[in-house]
Structure formats: C-alpha cells, structure tokens
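Novice:
Protein chains in written order, with this note's numbering: chain E, 15 to 359; chain S, 324 to 593.
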C-alpha cells in the first residue's frame with residue numbers, strides 16, 4: 015500500500031505540533047521520519063494510524079482519503095515504543111488478538127499466530143506472559159502482533175527506543191531483513207540517525223513540525239539541505255563568515271557560495287572527517303596546534319586550535335599513529351568538503 | 324526489596340511498635356471482641372434467636388437489598404466516571420473530580436437531610452411525588468438513594484489513579500488491531516483494572532451495608548419495613564436489648580472482618 019500525506023497540520027491547544035507536512039511513501043518502500051524529540055514526527059505517524067485527528071490536511075492510503083476513516087478500518091499495523099503488549103494475555107493470545115476481534119476461529123488464529131511467532135524467532139514462547147520476556151523479545155511480539163491482521167502498512171513509533179544500544183543494532187538489521195522478505199510498506203519514526211540510515215530507502219528529516227529534507231540516506235549525509243539537517247545528522251565544525259563575490263573566506267580557505275547574495279552572513283559547516291591534517295608543512299594547509307586527542311576505537315578525533323577557533327578532525331587511528339600526532343604539536347589543516355548556509359535574519 | 328538502614332535505637336523501636344500495637348488493641352480489637360462477647364454472653368441459642376427474629380430478618384433483607392442495588396449502580400457509575408476522567412480531556416473535568424469527592428466531605432447526616440429537603444412533603448419535589456402517589460422518603464427508595472449518594476466515590480476514586488497510571492497505550496494498540504470500543508473495554512481495559520475494581524467494590528459494599536447517618540435521616544425507623552442492620556442495632560440498644568443489639572452488630576463486625584481479609588488479598592494482587 016502507498017501513503018500520501020498532503021499539507022498535514024495538527025495543533026494541540028494552539029501549539030502547532032505538525033505544521034504543513036507533505037510527503038508520500040510508495041508501495042513496499044521503507045521510509046523514516048527522523049528528528050529530535052518534540053519535532054512532531056510521532057504525531058504525523060499517529061495521524062496516519064488514526065490515533066489522532068489532523069487539524070487540517072489530507073491523508074491517503076492507497077489513493078483513498080482516510081482522514082475520516084476510523085482507526086480500526088485503516089488496516090495499519092502499529093508498533094509502539096513501549097510495546098503496549100496486553101499484560102494479562104499470553105504471547106500467543108497477544109499475537110492472535112487482532113484475529114480474534116475479527117471473529118476468526120480459535121484454531122485458525124492460533125495457527126497464524128504461531129507462524130508469526132516463528133517468523134520473528136519466538137517459537138516455543140507462546141505460553142509465556144509478556145512480563146517473562148526481555149525487552150527485545152517483547153518488541154518482537156509487538157511486531158508479530160501488528161503483522162497478524164495482515165496490514166497493508168506498518169507504522170513503527172521509536173520501536174527500539176527502550177532497548178540498549180547493542181540490542182537495538184541487532185533488532186534493526188533483523189527488521190531490515192524482514193522487510194526485504196515481506197516487502198510491507200513501512201514508516202518508521204526515530205531520533206536515531208544510525209537507525210534511520212541503516213533501515214531506510216528514504217529519510218525525511220523533521221524539525222519543528224516541518225520536513226527539512228526528503229532524500230535517500232547518503233544524500234542526507236553528504237548534501238544536507240539545511241543547517242539543521244547538517245548538524246542533526248553527524249558531527250560538524252562550524253565557522254561564521256560573509257559572502258563576497260560568490261565565495262566565503264575563512265583564513266586561507268575559500269568556500270563556494272554562488273547561490274547567495276553579496277554580504278550574506280553565513281555559517282560554513284564541515285564534518286570532522288572532511289578535515290585533512292598533516293604534520294608536513296610542504297603538504298600545504300593552515301597551521302594549527304593540537305590541543306586534545308580523543309580515542310574513539312577505530313578513529314581518533316583531534317582538537318586543533320586555529321587562531322581563535324577550535325576544530326575537530328576525525329582520522330583513522332593508523333594515520334594518527336604514523337603522523338605521530340600529540341598534544342602541542344604543530345599541524346597543517348585543509349578542508350576537503352564544506353556546506354555553506356545563510357543565517358536566518 | 325532491600326532492607327532499610329535502621330539508625331534508631333532499639334528501645335525507641337520497641338517503644339514505637341508497642342504504642343502502635345497497644346493503640347490498635349485498645350481501639351480496634353477490644354471493641355471487636357466486646358461485640359462478640361456481649362452477643363454470645365447469654366448463650367448461642369439467644370444469639371441465633373435474636374438473628375432470626377422477624378424484625379431482625381427484615382433488617383438483614385433490607386440491608387442486602389440496598390447493597391444489591393447500590394453496589395452495581397455505583398460500580399457502573401464509578402467505571403464510567405474513571406474512564407472519562409482518566410482517558411479524556413473535557414470541559415468540566417475538574418468539577419467532576421470535585422463532585423465525586425462530595426460525599427466524602429459532607430457529613431452523612433447532612434446528605435440525608437438533602438434528600439429530606441428534596442423529597443419531603445414540604446420539599447422541592449414533595450408535592451409532585453404526593454400527587455403521583457410515589458413514596459421515596461421513609462421508604463426503601465429513600466434508603467437506597469441515600470446509600471448510593473454516600474457510596475458513589477469509592478469505585479471511581481480507586482480507579483482514576485490506576486487508569487491514569489496505565490495510560491492509553493494498550494487500548495490504542497487494541498484499536499489499531501481492529502477492536503471496537505466495547506471489545507477494547509472488555510478485553511483490555513477491564514482485565515487491567517479488575518483488582519482495583521474489586522478493591523473499590525469491597526469498600527463500597529462495606530460502606531453500603533454499614534451506613535448509618537444518612538440512612539437514619541431518610542428511613543423513618545419503621546420496624547420490619549425501613550430499618551437496615553445499623554438502624555436496627557440502635558433501636559435494640561436503646562431498648563436495653565443488649566444481646567440482640569450485639570448479635571446484629573456482630574453481623575456487621577463479621578462483614579468488616581471479611582472486608583479486611585478480602586482487601587488484604589486484593590491489595591496483594593494489585
């Protein structure tokens with residue numbers, strides 16, 4: 015099934031949680047709404063499910079306007095952050111519930127529930143109560159339960175938010191494989207960029223109830239459309255500057271800003287891994303002094319003081335070792351890739 | 324549960340525990356024991372005879388009838404009110420919460436008087452009732468109404484915090500799975516609140532059977548007709564018929580003990 019959301023707005027007591035959101039999801043696609051908490055992404059999801067009524071705008075599922083269709087008839091599977099399992103029902107009963115309320119006979123619905131538990135890797139847990147399961151198992155039951163009535167659409171609201179980092183990673187690669195297998199149109203809400211990038215065909219970055227960028231994960235990272243997107247996904251260095259004849263100067267560096275008018279105040283953003291550091295003067299670059307070194311496992315982050323600004327540069331551990339970088343050492347810095355954004359007002 | 328670190332001296336702990344136990348024995352156990360002692364003082368035969376005497380049986384029947392009507396009505400009201408307050412936002416919600424507490428804050432005698440003012444011969448609805456030959460005051464309907472009024476906060480008060488704490492997640496999950504409102508209520512909400520509900524009903528029932536003040540005002544004390552157990556106890560006591568008075572009182576005491584046990588069991592389940 016496909017989704018089309020058009021000019022969706024949702025206000026709570028005068029506060030605009032969702033301010034004019036338009037996007038679509040094609041059949042079989044996996045799309046993520048990525049944004050900080052309070053950005054309105056969950057509200058969009060709840061409006062699509064029918065758990066919230068939009069203040070205005072249109073929601074279409076498979077070409078049919080569903081804005082007035084009750085939640086029960088929208089054929090969506092919803093997975094909640096805190097699982098929302100029925101505490102008084104066994105795992106099997108939880109999964110079979112959606113079939114039970116549709117009047118499917120017990121034998122048939124239990125058989126289907128067992129198949130789904132098998133699909134999510136929980137065979138043999140049918141008679142456990144939710145309280146006897148781990149967080150990861152509970153979320154898989156919640157997923158099996160959402161899939162049981164064969165929804166045309168799967169909506170996932172921060173499904174791994176309550177789990178620890180390792181389990182989150184494990185479950186999301188499992189979810190991606192499951193999606194590739196069953197090809198169910200899925201819309202995920204998360205504040206975790208890694209999760210969004212790993213799972214999605216396309217990412218919508220949401221901020222203050224608006225979509226800042228709608229693009230595949232790589233493009234979101236490499237060509238951020240706004241300063242918010244650039245700073246929200248991944249680390250950035252930021253310096254201020256002014257546009258002069260289509261470029262912005264910072265020290266010896268010149269950044270292209272052809273799209274901006276003369277004298278516009280701008281922020282120049284570049285990622286720590288786009289900062290090239292060498293200890294050899296002949297390689298060129300702007301001199302700076304190493305003020306700090308942080309070890310992040312496979313990579314090393316250097317704090318480099320350049321005039322009155324301190325930059326972060328991320329480089330592979332091996333490179334840092336060969337170059338014998340240490341605190342107090344003079345280095346030469348070049349910037350290989352940067353993004354220029356005009357300051358608002 | 325971890326053991327708390329105790330810093331108080333031993334003698335202080337013993338003193339505090341002794342005061343609590345002594346107080347409880349003096350004010351709770353001694354009176355309770357006295358009831359059974361006084362009731363059985365003249366032998367089991369007189370005790371049983373006092374209980375199966377027609378007026379006594381009528382009082383027991385009326386008490387049971389009152390509870391049988393008041394408990395289900397307040398159960399339904401309590402669940403509806405708690406559901407509305409815990410799950411929805413609406414204008415007048417705070418007012419409803421305050422109103423639910425009203426019977427707790429008004430003296431039961433005043434509550435009874437409200438019904439006299441409403442339904443009495445000189446009352447607001449009195450002339451209309453007389454005209455249509457409907458008897459509420461000094462009759463069973465008045466007793467039932469007063470009891471309903473006195474006991475309506477119990478279930479709602481018990482369920483509101485419970486339902487608020489549970490939130491809407493499970494109900495929303497049921498709705499997305501295709502359940503309608505009734506299915507959601509019976510399959511999800513009700514099983515989740517069952518122990519809290521039972522707890523409320525136990526307290527509600529105990530109060531409905533034991534209510535004296537409000538019922539006393541509206542009943543008219545007609546023997547064999549409008550006396551509930553507490554009212555009958557008072558009459559017997561005033562007539563110096565102590566054995567019969569305490570025999571009747573022992574029924575309420577047994578109810579209290581049963582309530583206490585049931586409450587403990589339910590609390591353990593909650």
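Yeah, the Cβ is synthetic: ideal placement off N, Cα and C, and Gly gets one too. In this text, all values refer to a predicted model and were calculated from it rather than measured experimentally.
Only counting runs of 3 or more residues, tell me where the beta strand (DSSP E) segments fall wholly within the segment 50-126 of chain E, in order along the chain.
Specialist: 70-75 and 90-93
Novice: Any heavy atom of the ligand GDP closer than 7 Å to the beta-carbon of residue 498 of chain S?
Specialist: The ligand GDP is absent from the structure shown, which contains no ligand whatsoever.
Novice: Since residue 478 of chain S and residue 419 of chain S should fall inside the 8 Å C-beta cutoff, what is the C-beta to C-beta distance between them, to a whole number of angstroms?
Specialist: Between residue 419 of chain S and residue 478 of chain S the Cβ distance is about 14 Å, and since that is not below 8 Å, they are no contact.
Novice: Straight-line CA distance for residue 320 of chain E to residue 347 of chain E?
Specialist: 9 Å
Novice: Kindly indicate if chain E contains any beta-carbon less than 8 Å away from that of residue 482 of chain S.
Specialist: no
Novice: Tell me whether residue 27 of chain E is buried or exposed, calling it buried when 16 or more other Cβ atoms sit within 10 Å of its Cβ.
Specialist: Exposed, since its Cβ has fewer than 16 Cβ neighbours within 10 Å.
Novice: With a CB to CB cut of under 7 Å and the five nearest residues on each side skipped, what residues in its chain are close to residue 323 of chain E?
Specialist: 253
Novice: What residues from the segment 478-511 of chain S come within 8 Å of chain E, judged by C-beta to C-beta, listed N to C?
Specialist: 492, 493, 495, 496, 497, 498, 499, 500, 501, 502, 503, 506, 510 and 511
Novice: Interface residues of chain S around residue 96 of chain E at Cβ under 7 Å?
Specialist: 492
Novice: Output the residue ranges of the beta strand (DSSP E) runs that lie fully inside the segment 329-353 of chain E and measure 3 residues or longer, sorted by chain position.
Specialist: 344-349
Novice: Determine whether the Cβ of residue 561 of chain S lies closer than 8 Å to any Cβ atom of chain E.
Specialist: It does not; no Cβ of chain E falls within 8 Å.
Novice: At a CB-CB cut-off below 7 Å, which residues of chain S make contact with residue 112 of chain E?
Specialist: Residues of chain S passing the Cβ test: 500 and 501.
Novice: Below 8 Å, can you find three or more Cβ-Cβ pairs linking the segment 263-276 of chain E to the segment 325-332 of chain E?
Specialist: no
Novice: Which residues, in chain order, does the segment 146-163 of chain E contribute to contact with chain S at a C-beta distance below 9 Å?
Specialist: Cβ contacts with chain S: 156, 159, 160, 162 and 163.
Novice: Quick check: what's the CA-CA separation for residue 328 of chain S versus residue 335 of chain S?
Specialist: In a straight line, the C-alpha of residue 328 of chain S is about 15 Å away from that of residue 335 of chain S.
Novice: Taking 8 Å as the CB-CB cut-off, is residue 515 of chain S touching chain E?
Specialist: yes
Novice: Cα-Cα, which of S:589, S:398 and S:355 is closest to residue 573 of chain S?
Specialist: S:355
Novice: Could you tell me which chain S residues have their CB closer than 7 Å to the CB of residue 383 of chain E, listed as they occur along the chain?
Specialist: Beyond the ends of chain E as shown, which are 15 and 359, falls residue 383 of chain E; an answer cannot be given.
Novice: Looking at residue 222 of chain E: is its Cβ nearer than 8 Å to the Cβ of residue 70 of chain E?
Specialist: Taking C-beta atoms as the reference points, residue 222 of chain E and residue 70 of chain E fail to come closer than 8 Å.
Novice: Looking at residue 249 of chain E and residue 305 of chain E, is the spacing between their C-beta atoms short of 8 Å?
Specialist: It is not a contact, given that the beta carbons lie outside the stated cut-off.
Novice: With H, G and I counted as helix, E and B as strand and the rest as coil, what does DSSP make of residue 229 of chain E?
Specialist: Residue state, collapsed to three classes: strand.
Novice: Under 8 Å, Cβ to Cβ, is there at least one residue of chain S near residue 92 of chain E?
Specialist: yes
Novice: Going by CA-CA distance only, name the one from S:363, S:568, S:408 and S:427 that's closest to residue 379 of chain S.
Specialist: Residue S:568 holds the alpha-carbon nearest to the alpha-carbon of residue 379 of chain S among S:363, S:568, S:408 and S:427.
Novice: Closer than 6 Å by C-beta to residue 181 of chain E: which residues in its own chain qualify, once you throw out the five before and the five after it? Chain order, please.
Specialist: 150
Novice: Between residue 155 of chain E and residue 165 of chain E, how many whole angstroms is the CB-CB distance? I'm expecting something under 8 Å.
Specialist: That belief does not hold up - the Cβ atoms of residue 155 of chain E and residue 165 of chain E are roughly 16 Å apart, past 8 Å.
Novice: With 16 as the cutoff for other CB atoms within 10 Å, does residue 331 of chain S come out buried or exposed?
Specialist: exposed
Novice: Is it buried or exposed, residue 172 of chain E, if we count other Cβ atoms within 10 angstroms and call 16 or more buried?
Specialist: Buried is the call here.
Novice: What residue from S:552, S:389 and S:512 has the CA that sits closest to residue 471 of chain S's CA?
Specialist: S:389
Novice: Using a Cβ-Cβ cut-off of 7 Å (strictly less than) and excluding sequence neighbours within five positions of residue 448 of chain S, which residues of its own chain qualify?
Specialist: 441 and 442
Novice: Do residue 461 of chain S and residue 543 of chain S come within 8 Å of each other at the CB atom, strictly closer than that value?
Specialist: yes
Novice: Would you mind reading off the limits of the beta strand (DSSP E) that contains residue 31 of chain E?
Specialist: Residue 31 of chain E: member of the beta strand (DSSP E) spanning 29-39, first to last residue.
Novice: Please identify the residue among S:539, S:503, S:371 and S:481 whose C-alpha is closest to the C-alpha of residue 84 of chain E.
Specialist: S:503
Novice: In whole angstroms, what separates the C-alpha of residue 511 of chain S from that of residue 537 of chain S?
Specialist: 37 Å
Novice: Any residues in the segment 54-84 of chain E with a beta carbon nearer than 7 Å to a beta carbon of chain S? Which ones, in chain order?
Specialist: 63 and 65
Novice: Rounded to whole angstroms, what is the Cα-Cα separation between residue 13 of chain E and residue 200 of chain E?
Specialist: Nothing about residue 13 of chain E can be read from this structure; chain E reaches only from 15 to 359.
Novice: What number of angstroms, rounded off, separates the C-alpha of residue 345 of chain E from the C-alpha of residue 279 of chain E?
Specialist: 29 Å
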